[in-house]
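Peer 1: After the structure tokens below, expect a handful of questions from me.
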Amino acid sequence: MTFPLLSLIVFLPVAGAAVLMCLRNDDAVRWTALGFTMADFAFAVAMLAGFDTTTHEMQFTERYPWVPAIGITYALGVDGISALFVFLTALLGWICVLASWVAIDRKVKEFMVALLSMQALMLGVFSALDLFLFYVCWEAMLIPMYLIIGVWGGAGRVYAAFKFFLYTLAGSLLFLIGVIVLYFHGGQTFDILALTAQDLPFDVQSWLFFAFLIAFAVKVPMVPVHTWLPDAHVQAPTAGSIILAGVLLKMGAYGFLRFSLPMLPEASVYYSTLMLALSALAIVYGGLLALAQDDLKKLVAYSSISHMGFVTMGIFSLNLRGLEGGILQMFNHGVTTGALFLFVGVIYERTHTRSIADYGGLMKVAPVYTGFLALFTLSSMALPGTNSFVGELLVLSGGFAANMAVGTAAVLGALLSAAYLLGMYRKVALGPASVGARYEIRDVNVREMAAILPLAVFVLWVGFYPKPFLNVIDASVKNLLTEVHDKGSGQ
Amino acid sequence: MTGAVLFQWVLASLPEIIVITGACILLILGQLMRDGQDHWLVSASVAIVLIAALATLMLAGEVRPAYSGMFVADRFAVFFKFVFYLATVLTFLLSRKYADIEGIGSSEYYVMLLFALSGMMIMASSTDLLSIYVGLELMVLCTYVLTGFLRHERRSNEAALKYVILGAVSTGIFLYGVSLVYGLTGTTQLDAMAAAVSGDPFDPGLLLAVVFIVAGLVFKIGAVPFHMWVPDVYEGAPTTVTAFMSVGPKAAGFAVILRVFLNPLVAASDVWIIVAVIAVVTAALGSFVALVQDNFKRLLAYSSIAHAGFATFGVVAGGADGVASVMLYLLIYAFMNLGIFGAVIMMRNGDFSGEVIEDYAGFAKSHPGLALLMLIYLFSLAGIPPTAGFFAKFYVLVALVERGFVFLAVVAVLLSAVAAYFYIRIVMVIYMREPERAFEPALTPLVRTTLFCTAAGTIGIGLFPAWFLRLAQQSVFGG
């Protein structure tokens, strides 16, 4: 038996949550939570360091029977794609703790417990090799997230939490039926690898594709099931927004990569044009909505819809550049948008307003803040030298190869993003201080810097030298593509 | 009849005999007892149930038919008996303090519960329509009385009256069906009936008989269209009795339904569509009407209708997996529903009724631990993993899809999404509102024990369902 590294990564936050339950002092709670999440991150780094990039096989696998009577196992393992997201989740974990250090001032213990359970479940989703285990983690996440939004959120939090809960629940339940149907068609097993190896008839694939699509599209979210996202984002506390944007939205896309493409290749190829069209719609529509926002957080939230459109477009372009770009873009979006939400949180803590009109001339009072904000804004716009440039370029070139019209629409979306992001930056950072700017603004402090800096490092690192990141996913993506095209060519 | 045969018969029904004898002794001793000694009653009642459980366990090894084919002690019965024991013991534990607060001073309360338990046990073991009837009547007569136990409360009286009248009508319908079956097949034994039925499943008279029997049994599990009594009776009855009724008698009803329909009458499967329609309509009505309830007990009443509907989906699925899924569902439901009722009972203290959902506003602030427990039960009732409620629903869905009822499975999950809405609404009130008043839950060690057991079951079966699933699968009749 090898060292159960993945179980350790998944269960360390659970252990942390258990320890937190016994603590009474708020500061002790914060430090303990930080300690556990950082340790978790360290193990994730170790996992990535020991990761063999030359193979697409699942690594660090563990397998124990769980409910043998119906073929459910406790199975963990990562390939290149999941390894990247385990790493991202662990990275954002401790950043979330830092982001809620002072923002959460009541029921700190409960909040941190929810945050850590959330992290454990997200890590479980990315490393599960058993469909049942995957579903349990995927669905159980609703509980802590519902509480994070509903208990610690803004004024409209209850409505937002409700909407988030019901949308994702309704989507996931159809996915559950899909899972069970897949179980019976795939030889009565929940083993993801075994199910991937099955060849299903096209009509079954089609039905399953749409059952899965509803669940994943709600999580991504794709237009028209995106309306829960702005509400949830705006009402959630900063850490909640970071998790939502950074990890939760990735799960939908991850679902496409792990289930739709490899298990339903014919249907994926057959419906790829539809998916590309929906992606283009999300890119343009999300961009237009973002353009119309006056609320900082809403702007970032709607921009997420647009950016996730790039991700799904990359995935369903079904070529190497598109897929690699899409996956890289998932990582980039987690880093960049996570950081932008962090920035919104930082300034909101000082001014208690999120209205863009209330700001102006921030550069004079908070140069470090606006400097870093510029970096992340440019990254979100996909300027060369930043991470998103690499990802977006790959997606666009993949998208154009797949479908000219969709590629063109995506370029339009990229232009839109420049418009709303630059506009936002101009109104917030440049020019004279606005009428509403009666506040004293301190620049970022050490704690905030500690959360921002690593994200900035990743923005530039991926921007200038994406090779190590592409290396991690390369073998898995190539294998995925062969699977899709070999099996999917029947159509 | 030789002595040896009689001995075997007595042995097979030993648990029932223990409970009935115990209840009779308690009835006499209870009259001699002075006020303020009911802790003694609780201990004695629990002891009787535990002895019966021990006897059940010792006899569980083999199938023991008794009383000339009217009664059998098999694994199927053993499984259900343990669900009944669980429900009864936890109800005893919850009742002690509640009885004090509500002024239920008499020993008959405990005796009635024991008699109801014995009725349910007979139902689970019956293999003849007449012994089913005996068990059924023994059970419902006790629950009629228990429902009206709050003599000074109008609501309670009204509920009891309503229950008695409707219950009597449903029993009449059931008996009519039984007499039709006897007239057409010349037997009331389930096995002989099966043999008779398999010849000509389209006999219209038999169809009518089946419909009558279905109607009588469906009343007991509170399924549509015989659900009307459930909200009123659940609301009016003492909360402990409501908790008991929602778990024990309901499971007993399902035990009979499984035995009657999945064994002999499965040949008449053209009437199966009735059961499917009942399942869909019951789950739908329970879920949708629960959405607008403000009274916690009424909401739980509708929720129990919805759950009965969901369990009926397992009956529709049929087959070994279908039966096992219903059994597992009822076991898990016993844990989570007694848990949430335990929480409601605990809130009843002083002038605080704990019956209105709004009463719970901000409960999480003052009692984070208890609120967390309620959260677990509610999410489990809603079927969210990793709680046991999820696995219960999951396995029913597996059984449905296995038999090719994918469309029904989709309907079932969509209805459970509707049901999730009202459970989550309670969580919202508990967690996301400001408290309006101070809470002083009536937390005795016994109530704590109950809440602990139910929480352990709700979480434990959710995380480690393997053992319970195997138990249910092995307890499907014939095993």
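If you're matching them up, the sequences are chains C and G in order.
When we follow our numbering, the leftmost residue of the first sequence carries the number 3, and every step to the right adds one.
When we follow our numbering, the leftmost residue of the second sequence carries the number 1494, and every step to the right adds one.
Just so you know, even glycine gets a beta-carbon here, dropped at the ideal spot from N, CA and C.
#1: Are there 16 or more other CB atoms within 10 angstroms of the CB of D205 of chain C, so buried, or fewer, so exposed?
#2: Output needed for G393 of chain C: all residues of its chain with C-beta closer than 7 angstroms, excluding positions within five of it in sequence on either side, in chain order.
#3: Give me the residue from G:G1835, G:S1538 and G:G1807 with the minimum Cα distance to K1790 of chain G.
#4: Determine whether the beta carbon atoms of V12 of chain C and S102 of chain C lie at a separation below 8 angstroms.
#5: Taking the Cβ atom as the reference point for each residue, do G1660 of chain G and N1650 of chain G lie within a distance shorter than 8 angstroms?
#6: Cβ closer than 7 angstroms: which chain G residues qualify as neighbours of S186 of chain C?
#7: Should V1583 of chain G and A1776 of chain G be called a contact, given that it needs their Cβ atoms to be closer than 8 angstroms?
#8: I'd like to know if P1958 of chain G contacts chain C, where contact means its C-beta is closer than 8 angstroms to some C-beta of that chain.
#9: How far does the beta strand (DSSP E) with R65 of chain C in it extend, from its first residue to its last?
#10: Can you list, in chain order, the residues of its chain with a C-beta nearer than 6 angstroms to that of T1943 of chain G? Leave out the 5 residues immediately preceding and following it.
#11: Comparing the C-beta of S1599 of chain G with each C-beta of chain C, is any distance below 8 angstroms?
#12: If you run the structure through DSSP and keep just helix, strand and coil, what is F192 of chain C?
#13: Any beta carbon from chain C within less than 8 angstroms of R1648 of chain G's own beta carbon?
#14: Taking only beta-carbon atoms, is A1760 of chain G less than 8 angstroms away from chain C?
#15: Considering T75 of chain C, what are the terminal residues of the beta strand (DSSP E) in which it resides?
#16: Determine whether the beta carbon atoms of L1710 of chain G and F1667 of chain G lie at a separation below 8 angstroms.
#17: Roughly how many whole angstroms lie between the Cα atoms of F218 of chain C and L144 of chain C?
#18: Quick one: is W1974 of chain G buried, meaning 16 or more other Cβ sit within 10 Å of its Cβ, or exposed?
#19: Is there contact between the stretch 122–142 of chain C and the stretch 71–86 of chain C, where contact requires at least three CB pairs shorter than 8 angstroms?
#20: Counting only runs that start and end within the stretch 159–213 of chain C, where is the alpha helix (DSSP H) found for 4 or more residues in a row?
#21: Rank C:Y350, C:L291 and C:Y427 by C-alpha distance to the C-alpha of I443 of chain C and give the top, closest one.
#22: For V414 of chain C, collect the residues of the same chain with a Cβ closer than 7 angstroms to its Cβ; drop the 5 residues on either side in sequence, then sort them by chain order.
#23: Would you say P267 of chain C lies against chain G (beta-carbon separation less than 8 angstroms)?
#24: With H, G and I counted as helix, E and B as strand and the rest as coil, what does DSSP make of R1918 of chain G?
#25: If contact means a Cβ-Cβ distance below 7 angstroms, which residues of the stretch 54–80 of chain C contact chain G?
#26: Sorted by chain position, which residues of the same chain lie with C-beta nearer than 6 angstroms to V227 of chain C's C-beta, five sequence neighbours on each side aside?
#27: Give me the residue from G:F1883, G:L1525, G:V1565 and G:A1935 with the minimum Cα distance to S174 of chain C.
#28: Can you give the Cα-Cα distance for T372 of chain C and V430 of chain C, rounded to whole angstroms?
#29: Please name the residues in the stretch 364–381 of chain C whose beta-carbon is closer than 7 angstroms to at least one beta-carbon of chain G, in chain order.
#30: How is F378 of chain C classed by DSSP in three states: helix, strand or coil?
#31: Do we get a CB-CB distance below 8 angstroms when we pair E112 of chain C with the residues of chain G?
#32: Rounded C-beta distance between Q237 of chain C and G156 of chain C? I'm assuming under 8 angstroms.
#33: Which of helix, strand or coil does DSSP assign to A1931 of chain G?
#34: Can you tell me the Cβ-Cβ gap for F312 of chain C and L278 of chain C, rounded? I've got them flagged as a contact below 8 angstroms.
#35: Would you give the residue range spanned by the beta strand (DSSP E) that A1566 of chain G belongs to?
#36: Buried or exposed for S357 of chain C, please, with buried defined as at least 16 other CB atoms from any protein chain shown within 10 angstroms of its CB.
Peer 2: Checking against the coordinates, here is how it stands:
#1: Exposed, since its Cβ has fewer than 16 Cβ neighbours within 10 Å.
#2: Hits under 7 angstroms: G327, L330, Q331 and N334.
#3: The candidate whose alpha carbon is nearest that of K1790 of chain G is G:G1835.
#4: Taking C-beta atoms as the reference points, V12 of chain C and S102 of chain C fail to come closer than 8 angstroms.
#5: In this structure, G1660 of chain G keeps its C-beta atom at 8 angstroms or more from the C-beta atom of N1650 of chain G.
#6: Here residue 186 of chain C is Phe; the residue named in the question, Ser, does not match the sequence. Chain-ordered, the chain G residues with CB closer than 7 angstroms to the CB of F186 of chain C read V1894 and E1895.
#7: Looking at the sequence itself, residue 1583 of chain G is Leu, so the reference to Val does not match. Taking a C-beta distance under 8 angstroms as the contact criterion, L1583 of chain G and A1776 of chain G do not qualify as a contact pair.
#8: Look at P1958 of chain G: its C-beta is under 8 angstroms from a C-beta on chain C.
#9: Residues Q61 to V69.
#10: Taking T1943 of chain G as the centre and dropping the five residues before and after it, the same chain places the C-beta of L1583, L1586, L1587 and G1835 closer than 6 angstroms to its C-beta, in chain order.
#11: Chain C, which has no Cβ nearer than 8 angstroms to the Cβ of S1599 of chain G, makes this no.
#12: Under the three-state reduction of DSSP, F192 of chain C is assigned to coil, being neither helix nor strand.
#13: No, because no Cβ of chain C sits closer than 8 angstroms to the Cβ of R1648 of chain G.
#14: Confidence in A1760 of chain G is poor, its pLDDT being 48 and thus under 50, which makes the residue's placement too unreliable to answer from.
#15: Element bounds for T75 of chain C: I74 to V80.
#16: The beta carbons of L1710 of chain G and F1667 of chain G sit closer together than 8 angstroms.
#17: The C-alpha of L144 of chain C is placed about 14 angstroms away from the C-alpha of F218 of chain C.
#18: Residue 1974 of chain G is absent from the structure shown; chain G starts at 1494 and stops at 1972.
#19: Touching, yes, given that three or more Cβ pairs across the two stretches are closer than 8 angstroms.
#20: Under the rule that a run must span 4 or more residues, the alpha helix (DSSP H) segments found entirely inside the stretch 159–213 of chain C read 159–187 and 194–199.
#21: Out of C:Y350, C:L291 and C:Y427, the CA that lies nearest to the CA of I443 of chain C is found in C:Y350.
#22: The sequence given here has Leu at residue 414 of chain C, not Val. Closer than 7 angstroms at the Cβ level, and outside the excluded window around L414 of chain C, lie V286.
#23: Chain G contact via Cβ: absent.
#24: In the structure shown, R1918 of chain G adopts helical secondary structure according to DSSP, grouped into three states.
#25: For the stretch 54–80 of chain C, residues whose beta-carbon sits nearer than 7 angstroms to a beta-carbon of chain G comprise W68, V69, P70, A71 and I72.
#26: Excluding sequence neighbours, V227 of chain C sits near A219 and V220.
#27: The residue with the shortest Cα to Cα distance from S174 of chain C is G:F1883.
#28: Rounded to the nearest angstrom, the two C-alpha atoms are 9 angstroms apart.
#29: So nothing in the stretch comes that close.
#30: If DSSP states are grouped into helix, strand and coil, F378 of chain C belongs with the helices.
#31: Chain G, which has a Cβ nearer than 8 angstroms to the Cβ of E112 of chain C, makes this yes.
#32: By a beta-carbon distance limit of 8 angstroms, Q237 of chain C contacts G156 of chain C. Their separation comes to about 5 angstroms.
#33: Secondary structure at A1931 of chain G: coil, using DSSP grouped into helix, strand and coil.
#34: Not quite, the Cβ-Cβ distance comes to about 11 angstroms (not below 8 angstroms), so this is no contact.
#35: Under the DSSP assignment, A1566 of chain G falls in the beta strand (DSSP E) whose first and last residues are F1564 to A1566.
#36: Result: exposed.
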